[in-house]
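**Q**
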Amino acid sequence: MSLSFLERGLLLLVMLIFLEGTVLTLGAASSPDISAQDNTGGGHDRRDDHRGIAGSHEQTNYTYTKKAFPVLSLDYHHIQVPFEISLWVLLASLMKLGFHLIPRLSGIVPESCLLIVVGLLVGGLIKLAGEEVPPVLDSNLFFLCLLPPIILDAGYFLPIRPFMENIGTILMFAVVGTLWNAFFVGGLLYAVCQIEGTYLSQVELLPCLLFGSIISAVDPVAVLAVFEEIHINELLHILVFGESLLNDAVTVVLYHLFEEYSGAGEVTPMDVVLGVICFLIVSLGGIAVGAIYGILAAFTSRFTSHTRVIEPLFVFVYSYMAYLSAEMFHLSGIMALIACGAVMRPYVEANISHKSHTTVKYFLKMWSSVSETLIFIFLGVATVAGPHAWNWTFVSVTVILCLVSRVIGVVGLTFIINKFRIVKLTTKDQFIVAYGGLRGAIAFSLGYLLNKDHFPMRTMFLTAIITEIFFTVFVQGMTIKPLVDLLAVKKKQEAKRSINEEIHTQFLDHLLTGIEDICGHYGHHHWKDKLNRFNKKYIKKCLIAGERYKEPQLIAFYHKMEFKQAIELVESGGGVKLPSAMPSQVSMQNIQPKKLPPAVAERALPQFTKGREEEIRKILRSNLQKTRQRLRSYNRHTLVADPFEDGWNDFLLKKQRMIELEKKMSNYLTVPAAPPDSPTMCRARLASDPNAFYNIKASSEGVPTIQVDLASPQSPDSVNMLNEFSKRGAKDQGLGQREVATRDEDQGLMMKPSSAGKEEKGEEEGGNKNPGLMRCLSDPGPSNEDEEDEPFLP
Amino acid sequence: MGASQSAGTEHEFQDLADRTGFSLEQIGNINKRFRQLSNNEETLSREDLASIPALDNNPIRAQIINAFFDKRNLHQNETGTVQEIGFEEFLMVMTHFRPAAMGITEEERENLRRDKLRFLFNMHDTDSDGTINLEEYRRVVEELLSKAGTIGQETAKAIADAAMLEVASTTRGKMEPDEFYEGITFENFLQILNTFDIETRMHVRFLHMDTATLRCGKSK
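Heads up: the protein sequence lines correspond to chains A and B, in order. Counting from 0, one number per residue, gives the positions in the first sequence under numbering that gives the first Met the number 0. Counting from 0, one number per residue, gives the positions in the second sequence under numbering that gives the first Met the number 0.
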């Protein structure tokens with residue numbers, strides 16, 4: 000089976016490459032000089048050859064004789080550019096598909112390598128066909144179109160807490176490390192060039208330094224691509240990744256500095272000072288620009304409650320404008336983008352609907368994924384295309400020097416940094432950080448930007464850059480995974496965030512702040528606490544719509560958790576859980592203290608047997624389950640799973656396997672309700688033991704309704720659920736009409752006339768107090784699952 | 000870094016340093032702070048700690064202050080509270096916030112974890128019966144959310160219930176409907192906070208480096 004898969008996969012790949020190659024040749028052939036008007040031999044013949052694609056006959060002369068009316072004509076030129084772009088994108092996406100069809104390959108070789116190879120093949124095909132390879136990795140295209148989505152994706156989903164905790168280390172690596180690399184490589188290269196016999200003596204110092212600064216920057220795209228697959232622990236990931244993001248400022252300054260003065264031939268100390276100032280301006284300015292746009296975006300999202308559909312657009316447009324504005328002033332666009340995404344995220348997420356949130360997430364992932372794929376393919380094509388000037392000495396010295404300088408840099412810096420860190424970086428960590436310093440397309444694009452006149456050795460530089468990129472991506476990229484396994488480096492823990500951990504995180508924060516205050520020490524926690532309070536007092540009020548700004552993080556986390564639980568319950572169809580199969584069946588009864596408060600005891604609850612309870616639960620469940628089954632068909636399980644969802648999915652599957660139906664209904668409905676529980680308990684029972692939930696809610700007409708404190712902004716689903724059951728008994732199948740609503744599920748699908756009632760109910764009870772509910776009800780559209788991500792603020 | 004006392008305290012400090020693992024400078028600093036808080040008296044009372052203005056914004060300040068006067072944190076095997084503490088007890092409480100030294104063995108690390116988690120546990124377990132029952136946990140969450148207004152209070156109960164349920168589920172697994180889960184024991188506590196790297200998180204940097212002045216800025 001796998002063999003045929005393999006065959007199929009390979010065939011598919013080869014076919015696609017050929018197809019791509021031929022069409023691009025076609026495209027390359029129909030360059031502006033060869034308009035539809037002429038039929039110069041070469042171009043025309045080729046077009047005839049590839050007629051299979053066009054499938055039509057062409058109009059080839061414009062003489063002014065009357066001809067038959069053209070029924071069908073080919074005008075490739077008209078749509079050439081968008082067509083080719085789409086074709087590239089399609090190729091990239093199909094490649095991605097193809098690789099995952101070949102399981103063995105994708106396990107050994109990282110995707111980035113395969114993509115470069117594909118690029119090489121396509122470029123090779125185009126060259127074989129005799130056409131000029133289009134300059135695909137044009138710097139403008141790269142910096143303005145391909146890079147921003149990736150960086151925005153990274154910035155928006157940047158895990159703020161580990162980033163901030165390690166910010167000192169990251170900055171050290173990014174700034175000092177890059178400077179060290181640039182000067183070491185540049186300087187030593189110059190020294191080597193001066194050696195007799197290498198024929199490189201015309202290479203000046205400044206161009207060497209420039210080259211050093213281009214090649215020394217760790218590339219975020221490459222790092223992301225490779226590190227994503229090795230699932231390394233969070234600390235190392237954030238160190239290398241953070242470094243790759245923040246070294247952009249250094250690279251920009253160094254690049255401009257050396258480029259400016261390469262003409263002049265020397266750099267005075269004044270220039271160095273100016274350079275330092277420039278660095279500060281570039282980095283802080285970039286961050287400031289990003290932050291401003293981020294605040295603007297957050298502020299805008301406050302007012303989007305009536306036009307939910309365009310909410311994601313604001314996120315994208317503001318971020319892109321931040322990037323462009325920063326680039327306009329030659330500030331660091333990457334840092335602007337990161338700052339914008341990180342600043343706007345907590346507020347925007349509090350304001351936008353869940354569907355918009357999902358849209359933003361998946362659009363970002365999609366764009367960044369396509370961008371990344373395209374970048375690697377283009378790297379391959381550009382390698383085939385670009386003019387090369389191979390110089391053994393230069394190239395090999397570059398590669399060796401880069402490695403050496405990286406290792407020395409990391410080791411040296413870690414030695415200094417470990418004096419200030421609590422969690423020291425071990426040798427293993429240092430090795431991974433050093434080894435993970437991959438170079439990528441940014442270096443190539445920067446090299447490409449060099450002016451040919453000022454830098455006659457540009458082609459040699461480009462060759463060296465490409466070789467370095469290939470070396471790091473192929474050699475280091477392929478071997479890092481086995482090395483990680485070999486060295487037994489700690490991997491990422493796919494732990495579900497539990498409410499206990501959240502409580503204790505908060506508790507610990509406050510405790511440590513308190514201890515610091517007692518010690519009279521204005522430390523780390525003190526300032527963080529102050530920032531949080533400032534944020535809560537002033538900023539959140541401006542930027543978050545409605546009453547939600549008052550919501551503490553713990554509550555927000557809790558609501559998210561509940562929401563997820565509710566969704567998974569709905570999706571499972573409220574299935575019965577066979578006691579034997581579920582390991583953790585604990586209901587709230589087990590926790591509640593045995594003696595009931597006197598007020599409740601006065602209610603004179605009848606004691607019904609366990610058996611009866613069971614049956615009641617089953618009845619209720621069965622009715623609910625029928626409605627659930629309809630809901631289930633609309634659920635999307637095809638979205639990218641994240642760790643939280645994975646656990647839930649297993650849980651779901653288990654539940655779905657255990658569905659029972661019972662039919663006894665009538666005799667069990669005269670049971671009065673159990674004392675009101677906090678809604679959590681109901682839902683908690685629901686989660687761990689669906690039986691319990693329905694037990695409480697067993698009701699029929701004439702039964703006292705459950706008193707739920709609706710003043711609290713509980714998960715709206717709980718409110719609705721409880722209302723459901725208090726209103727109608729389980730008796731009628733008509734339960735199906737008033738679905739238990741989870742936040743998004745039914746909105747677009749099931750809302751029958753009763754929905755109006757539900758909305759009203761939501762308004763009259765919640766209004767201000769159920770802003771969450773309002774956010775969902777006002778947002779039509781197909782449902783989607785929610786997902787776990789970082790809590791708002793650290 | 001001399002204390003403002005006679006040389007006899009040098010010897011005491013050395014003794015304390017050996018016992019607690021702090022350096023002499025650190026103990027000197029802490030001593031200075033102690034004197035400052037206690038107005039140069041020998042003992043510190045609750046009012047002294049409560050008068051620190053920065054603590055006012057802290058939602059769990061009462062528990063923090065209580066922790067200093069809780070006998071269980073003073074490395075004595077007694078329970079109950081004291082009214083005043085001396086410098087030695089103050090230091091004892093502070094030892095819970097020392098970071099993990101580099102190169103400690105697994106066993107030492109485990110002991111450090113237990114020590115710190117024990118401190119947290121004692122903070123929650125206000126009636127000193129060795130378990131955190133539902134009421135106590137609820138109070139913990141309520142205190143945490145006490146600055147959040149009415150919204151906080153109402154969901155506090157729900158959150159505490161959910162958390163308790165989670166603990167019960169993870170530690171006890173399946174339970175019969177009529178079984179009762181009395182509360183979180185210390186072992187359960189260790190279990191649920193297993194992935195919580197407390198030995199690195201629960202530390203105060205001030206105690207790690209010597210500082211000349213007490214009111215220094217960021218120690219990073």
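C-beta: ideal position from N, C-alpha, C; glycine also. Being a predicted model, the structure only gives us computed values, none of them experimental.
By the 7 Å beta-carbon criterion, what residues does the segment 45-65 of chain B contribute toward chain A?
**A** Of all residues in the segment 45-65 of chain B, Leu-48, Ile-51, Ala-53, Leu-54, Asn-56, Asn-57, Pro-58, Ile-59, Arg-60 and Ile-63 have a Cβ within less than 7 Å of some Cβ in chain A.
**Q** Residues of chain B with CB under 8 Å from Arg-532(A), in chain order?
**A** Those within 8 Å of Arg-532(A) in chain B are Asn-56.
**Q** Tell me Lys-490(A)'s beta-bridge partners as DSSP assigns them.
**A** Ile-231(A)
**Q** According to the neighbour-count rule (16 or more other Cβ atoms, all chains shown, within 10 Å of its Cβ), is Leu-188(A) buried or exposed?
**A** buried
**Q** Relative to the alpha-carbon of Thr-392(A), which residue among His-503(A), Gln-193(A) and Leu-136(A) has its alpha-carbon at the smallest distance?
**A** Gln-193(A)
**Q** For Val-92(B), collect the residues of the same chain with a Cβ closer than 6 Å to its Cβ; drop the 5 residues on either side in sequence, then sort them by chain order.
**A** Phe-67 and Asn-72
**Q** Between Glu-515(A) and the rest of its own chain, which residues show a CB-CB distance below 6 Å, the 5 nearest in sequence each way excluded?
**A** Around Glu-515(A): Gly-522, His-524 and His-525.
**Q** For the candidate residues Thr-250(A), Ser-395(A), Val-70(A) and Pro-109(A), whose alpha-carbon lies nearest to that of Val-474(A)?
**A** Pro-109(A)
**Q** Within the 8 Å Cβ cut-off, does Glu-165(B) reach chain A?
**A** True, the Cβ-Cβ gap to chain A drops below 8 Å.
**Q** Taking C-beta to C-beta, are Glu-165(B) and Ser-282(A) nearer than 8 Å?
**A** no
**Q** With distance defined between alpha-carbon atoms, name the residue in Glu-371(A), Gly-340(A), Ile-538(A) and Val-272(A) nearest to Met-94(A).
**A** Glu-371(A)
**Q** Anything in chain B within Cβ reach of Asp-516(A), meaning under 8 Å, just list it in chain order.
**A** Here the neighbours are Ile-51, Ala-53, Leu-54 and Asn-57.
**Q** Starting from the beta carbon of Asn-499(A), find every residue of chain B whose beta carbon is closer than 8 Å, and list them in chain order.
**A** Ala-162, Glu-165, Val-166, Ile-191 and Leu-192
**Q** Exposed or buried, Arg-307(A), counting other C-beta atoms within 10 Å across all chains shown (16 or more means buried)?
**A** When all chains shown are included, Arg-307(A) counts as buried.
**Q** Indicate the three-state DSSP secondary structure (helix, strand or coil) for Ile-517(A) in the structure shown.
**A** helix
**Q** From the DSSP output, in three-state form, read off Ile-131(B) for me.
**A** strand
**Q** Determine whether the beta carbon atoms of Thr-42(B) and Thr-94(B) lie at a separation below 8 Å.
**A** no
**Q** Keeping to the same chain, check which residues put their C-beta closer than 8 Å to that of Arg-60(B); ignore five residues upstream and five downstream.
**A** Ala-49 and Leu-54
**Q** Quick check: is the beta carbon of Phe-68(B) nearer than 8 Å to any beta carbon in chain A?
**A** Chain A contact via Cβ: absent.
**Q** Buried or exposed for Trp-389(A), please, with buried defined as at least 16 other CB atoms from any protein chain shown within 10 angstroms of its CB.
**A** By the neighbour-count rule (16 or more Cβ atoms within 10 Å), Trp-389(A) is not buried but exposed.
**Q** Run through the DSSP bridge pairs and tell me what Glu-83(B) is partnered with.
**A** Ser-44(B)
**Q** Suppose contacts are defined by Cβ-Cβ distances below 8 Å. Is Ile-286(A) in contact with Met-334(A) by that definition?
**A** yes
**Q** Give the residues of chain B in contact with Gly-513(A), contact being defined as C-beta atoms less than 8 Å apart.
**A** Leu-54, Asn-57, Ile-59, Arg-60 and Ile-63
**Q** If you drop the 5 nearest sequence neighbours on each side, which residues of the same chain put their C-beta closer than 7 Å to that of Val-225(A)?
**A** Pro-109, Ser-111, Leu-437, Gly-476 and Ile-479, listed in sequence order.
**Q** So what's Ile-183(B) in DSSP terms, helix, strand or just coil?
**A** strand
**Q** If you draw a straight line from the alpha carbon of Ala-157(B) to that of Glu-141(B), how long is it in whole angstroms?
**A** 10 Å
**Q** Note the first and the last residue of the continuous alpha helix (DSSP H) segment covering Lys-527(A).
**A** 523-533
**Q** Measuring alpha carbon to alpha carbon, tell me which residue in Ile-337(A), Ser-300(A), Val-316(A) and Gly-408(A) is nearest Gly-434(A).
**A** According to the sequence displayed, residue 434(A) carries Tyr and not Gly. Out of Ile-337(A), Ser-300(A), Val-316(A) and Gly-408(A), Gly-408(A) has the C-alpha closest to the C-alpha of Tyr-434(A).
**Q** In three-state terms, what does DSSP make of Asp-152(A)?
**A** helix
**Q** Under 7 Å Cβ-Cβ, which residues of chain A neighbour Arg-200(B)?
**A** For Arg-200(B), the chain A residues whose Cβ falls inside 7 Å of its Cβ are Leu-507, in order along the chain.
**Q** Distance cutoff 8 Å, beta carbons only. Does Ile-131(B) sit that close to anything in chain A?
**A** No, Ile-131(B) does not count as interfacial toward chain A.
**Q** Measuring only the C-alpha atoms, how far is Thr-267(A) from Leu-192(B)?
**A** Roughly 58 Å separates the two Cα atoms.
**Q** If the cut is a Cβ gap below 9 Å, which residues of chain B does Leu-234(A) touch?
**A** Within 9 Å Cβ-Cβ: nothing; Leu-234(A) doesn't reach chain B, min ~10 Å.
**Q** How many angstroms separate the CA atom of Phe-86(B) from the CA atom of Thr-80(B)?
**A** 16 Å
**Q** Residues in its own chain within less than 6 Å of Ala-181(A) by CB, not counting five upstream and five downstream?
**A** Gly-211, Ser-212, Ser-215 and Leu-253
**Q** Just to make sure I have the definition right: I need the residues of chain A whose C-beta is within less than 9 Å of the C-beta of Phe-185(B). Which are they?
**A** Correct list: empty, because the minimum Cβ distance to chain A is about 14 Å.
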